[in-house]
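Everything below concerns the one structure shown next.
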Amino acid sequence: MDDNLYHEYLDKYFLNQLSESEKIAFEQLISRDPVKSEEFAFQKKVIEGVQHFRKAQIKQRLNRIPEPQSSSYQLPALAWLSTGAAATLLIFTLGFALWKTSQPKTLNNDEKTEINQSEIAPSLPQISTLEPKTTPAPAWEKEADKDFSPRSAPQASQGAAYSTKKQWSSPNPRPKQWSTKAKITKN
Amino acid sequence: MVRLIIKNNGTEDEAKDIYQEAIVVFWQKARQPEFVLTSKISTFLYSVCLNLWRKELERKSRLSSEMKDGETSSNHDQLEREKVIQECINSLGETCRQVLMYYYFDNYSMQEIAEKMGFANADTAKSKKYKCKKELDNLIKSKYKATDFLD
């Protein structure tokens, strides 16, 4: 094998361009010749040196590429802030909605008048039955009771309101239970 | 990837170095016509990084065991020879350096080198490469004997 061919084979060997059989044959040739063995070891180092030189060049070029200025760390902070704000808003909205639904519905004036007063009327006589039996009803109240009937509901509601007010200002003595209670609180 | 290397007795600088090595490997692989990428580039780079770091750890443990056995002088000589080779490559002319790197690192064919370097044809590139290689060999041999490179 002449020098030129030998160097060609050396290059092909180091660049993995030989077939398996060619590779084995070449290795056998080198192992039989000490001069060629020395040259093989030398060429191996030289070619590796060229490869390292090129690698170092590429790495230098890669190092010159500016790294992004910690944008990867700023982004999570912003994301956390916006998520926190959204969560707070959501909690407040849900809380307000829950609070709203848990409140007893208060009627406005228009709704109050729309209620069928005939539904209230039958209950009014029962209110009057709650009055202590010891208290004799005044004559004027008896008169008003007469008007409490489902047929005359509008007047009945007015009468009921009137009767309860009148009861507090009634000149009649209060029931016994009330007076004893008053005594306990005084003591 | 950085986390993986730091967890496995590495530093951030070593992780960066390994990542760059992986990019270089990918660059070299991508140049080969028979290379087929069967995964995502990130997956490929990650597995290359893993292999490179495994090799680096093996090299480190071998070095430390050699240091225990008192073989530091041979390692020092080896490092010194590598340094001299780098200096010799650097002292070559720009054209020679480029031709050798295109051939031995980038695996360019003679035709591709001729096109890249503006040579007349592939034969001119081949002849240029031969001369440049001889020049480099002579430069190195002027500083070392071939027997110095025998392990």
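The listed protein sequences derive, respectively, from chains A and B. So for the first sequence, my numbering puts the first residue at 72; every next one is plus one. So for the second sequence, my numbering puts the first residue at 1297; every next one is plus one. Idealized CB from N, CA, C, for every residue including glycine. As the structure is a computational prediction, the values presented were derived from the model and not from experiment.
C-alpha distance - residue i paired with residue j, whole-angstrom precision
i: E110 (chain A); j: Q1324 (chain B); result: 26 Å
i: E1308 (chain B); j: S1338 (chain B); result: 19 Å
i: K94 (chain A); j: N1434 (chain B); result: 27 Å
i: V1298 (chain B); j: K107 (chain A); result: 44 Å
i: F1331 (chain B); j: R1355 (chain B); result: 28 Å
i: P137 (chain A); j: A1421 (chain B); result: 36 Å
i: T172 (chain A); j: G155 (chain A); result: 26 Å
i: K1429 (chain B); j: Q114 (chain A); result: 10 Å
i: Q1382 (chain B); j: H123 (chain A); result: 8 Å
i: R103 (chain A); j: R1377 (chain B); result: 26 Å
i: A150 (chain A); j: W170 (chain A); result: 30 Å
i: L152 (chain A); j: T159 (chain A); result: 11 Å
Three-state class that DSSP yields for residue i in the structure shown
i: S1438 (chain B); result: coil
i: Q122 (chain A); result: helix
i: D73 (chain A); result: coil
i: G155 (chain A); result: helix
i: I136 (chain A); result: coil
i: N87 (chain A); result: coil
i: L1333 (chain B); result: coil
i: D104 (chain A); result: coil
i: G1306 (chain B); result: coil
i: Q1328 (chain B); result: coil
i: M1406 (chain B); result: helix
i: N1417 (chain B); result: coil
i: M1397 (chain B); result: helix
i: L1388 (chain B); result: coil
i: Q174 (chain A); result: coil
Classification of residue i by the beta-carbon crowding that lies within 10 angstroms, buried from 16 upward
i: L1396 (chain B); result: buried
i: E98 (chain A); result: exposed
i: R125 (chain A); result: buried
i: F167 (chain A); result: exposed
i: W1349 (chain B); result: buried
i: A1318 (chain B); result: buried
i: L81 (chain A); result: buried
i: I1302 (chain B); result: exposed
i: K116 (chain A); result: buried
i: I101 (chain A); result: buried
i: A127 (chain A); result: exposed
i: R1393 (chain B); result: buried
Beta-carbon gap between residue i and residue j smaller than 8 Å
i: L1375 (chain B); j: L1432 (chain B); result: no
i: I118 (chain A); j: Y1400 (chain B); result: yes
i: I1436 (chain B); j: V121 (chain A); result: no
i: N1403 (chain B); j: A1410 (chain B); result: no
i: F1415 (chain B); j: K1427 (chain B); result: no
i: K1439 (chain B); j: V1344 (chain B); result: no
i: F1340 (chain B); j: L1346 (chain B); result: no
i: K83 (chain A); j: L76 (chain A); result: no
Residue of the options minimising C-alpha distance to residue i
i: K130 (chain A); options: B:V1321, B:I1385, B:E1390; result: B:V1321
i: R132 (chain A); options: B:D1313, B:K1437, B:Q1407, B:K1439; result: B:D1313
i: S1405 (chain B); options: B:R1327, B:S1343, B:K1303, B:K1336; result: B:R1327
i: L1353 (chain B); options: B:M1413, B:E1408, B:N1304, B:K1412; result: B:N1304
i: E1310 (chain B); options: B:E1390, B:K1336, B:T1334, B:K1351; result: B:K1351
i: Y1342 (chain B); options: B:P1329, B:Q1407, B:L1300, B:T1391; result: B:L1300
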